[in-house]
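Note sheet for the following structure.
Structure below.
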């Protein structure tokens, strides 16, 4: 059995795992240690891997049930569980989400976990930023924690989307992407820790407060949770496998030169309804 080394990525969250390769995630004797590191750090990275589509699907299934993306036009043909980011394939999404978000928070059951493999990377740029929503919550003042404890927020897919992108949806997609309401603070089902659960990409309003007050509060929460001390920037290398927890992290794509090649493949693990810290309600 390999000896797993853990190198923290920041003082607060994230770790690189050494002494393992992708196939070890399929080993019943080794996987529990990797999964424990994942829940402890929120993000784990393993470098220098050779992962094809079938291997990615097999690894992903160790973490739970694979999600089929609601927009198959951006997925690998014949494998709608694999979303393509980049500019080298006709189905790829070249820009990704260049705003802070948690994948599919606009669904009733948002994604729980994301896995991404880098196949091609540009010389400069194209990094992914992550922010720790455990720490974002913990560092709020007591007044704000008490204020947001019972509140919910509305999440909509189309908040940051262009009219042209919205017009591409078929009727089935429109129904699935109509939005969801979640607690502003959620409890992680595995760790029991509290995490802030809002993001500028999809969260449109906080419910239960006057509109002006709700707008100010949401803006303050956005600014608070994306402060540099809560962030980790992953600079992709070919063969990187990064696994992160949507239930306690938000992330954002960054700019890269579109004349340089970039291809990443992502899978998502289905999540569960968000657990509120108290009986969240729409006042």
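Numbering (this note's numbering), first residue to last: 297 to 579.
All C-beta atoms in this analysis are idealised placements derived from N, C-alpha and C, irrespective of residue type, glycine included.
Integer Cβ distance of residue i from residue j, believed to fall under 8 angstroms
i, j, result
"residue 573", "residue 494", "14 angstroms between Cβ atoms; not a contact."
"residue 310", "residue 528", "5 angstroms"
"residue 396", "residue 475", "No, residue 396 and residue 475 are not in contact; Cβ-Cβ is about 18 angstroms, not under 8 angstroms."
"residue 359", "residue 571", "The pair is not a contact, with the Cβ atoms about 19 angstroms apart (cut-off 8 angstroms)."
"residue 510", "residue 502", "4 angstroms"
"residue 410", "residue 399", "6 angstroms"
"residue 538", "residue 429", "About 17 angstroms separates the two Cβ atoms, so there is no contact after all."
"residue 306", "residue 314", "Actually they are not in contact, since the Cβ atoms of residue 306 and residue 314 sit about 17 angstroms apart, beyond 8 angstroms."
"residue 425", "residue 547", "6 angstroms"
"residue 432", "residue 542", "With a Cβ gap of about 14 angstroms, residue 432 and residue 542 do not count as contacting."
"residue 550", "residue 394", "7 angstroms"
"residue 569", "residue 404", "7 angstroms"
"residue 349", "residue 364", "No, residue 349 and residue 364 are not in contact; Cβ-Cβ is about 14 angstroms, not under 8 angstroms."
"residue 442", "residue 532", "Not confirmed; about 40 angstroms, so no contact."
Boundaries (first-last residue) of the beta strand (DSSP E) holding residue i
i, result
"residue 312", "311 to 314"
"residue 424", "424 to 428"
"residue 451", "448 to 451"
"residue 419", "Where residue 419 is concerned, there is no enclosing beta strand (DSSP E), given that its DSSP letter is neither H nor E."
Status (buried if at least 16 other CB within 10 Å, exposed otherwise) for residue i
i, result
"residue 342", "buried"
"residue 420", "exposed"
"residue 447", "buried"
"residue 499", "buried"
"residue 316", "buried"
"residue 346", "exposed"
"residue 544", "buried"
"residue 458", "Since pLDDT at residue 458 reaches only 48, below the 50 mark, its modelled position is unreliable, and no value is offered."
"residue 356", "buried"
"residue 330", "buried"
"residue 332", "exposed"
"residue 558", "buried"
"residue 561", "buried"
"residue 339", "buried"
"residue 508", "exposed"
"residue 299", "exposed"
"residue 567", "buried"
"residue 402", "buried"
"residue 301", "exposed"
"residue 485", "exposed"
"residue 555", "exposed"
"residue 417", "buried"
"residue 506", "exposed"
"residue 479", "buried"
"residue 563", "buried"
First through last residue of the alpha helix (DSSP H) which encompasses residue i
i, result
"residue 329", "327 to 337"
"residue 375", "Taken as a continuous stretch (DSSP letters only), residue 375 belongs to no alpha helix (DSSP H), being part of the beta strand (DSSP E) at 375 to 382."
"residue 354", "349 to 357"
"residue 439", "438 to 444"
"residue 363", "From DSSP, residue 363 is part of no alpha helix (DSSP H); its letter is neither H nor E."
"residue 518", "507 to 521"
Identified DSSP bridge partners for residue i
i, result
"residue 412", "538, 562"
"residue 492", "481"
"residue 302", "313"
"residue 548", "425"
"residue 397", "547"
"residue 501", "450"
"residue 529", "425"
"residue 572", "482"
"residue 476", "451"
"residue 371", "379"
"residue 341", "312, 538"
Near the ligand COA: residue i beta-carbon under 6 angstroms from a heavy atom
i, result
"residue 346", "With respect to the ligand COA, the structure offers nothing, as it holds no ligand at all."
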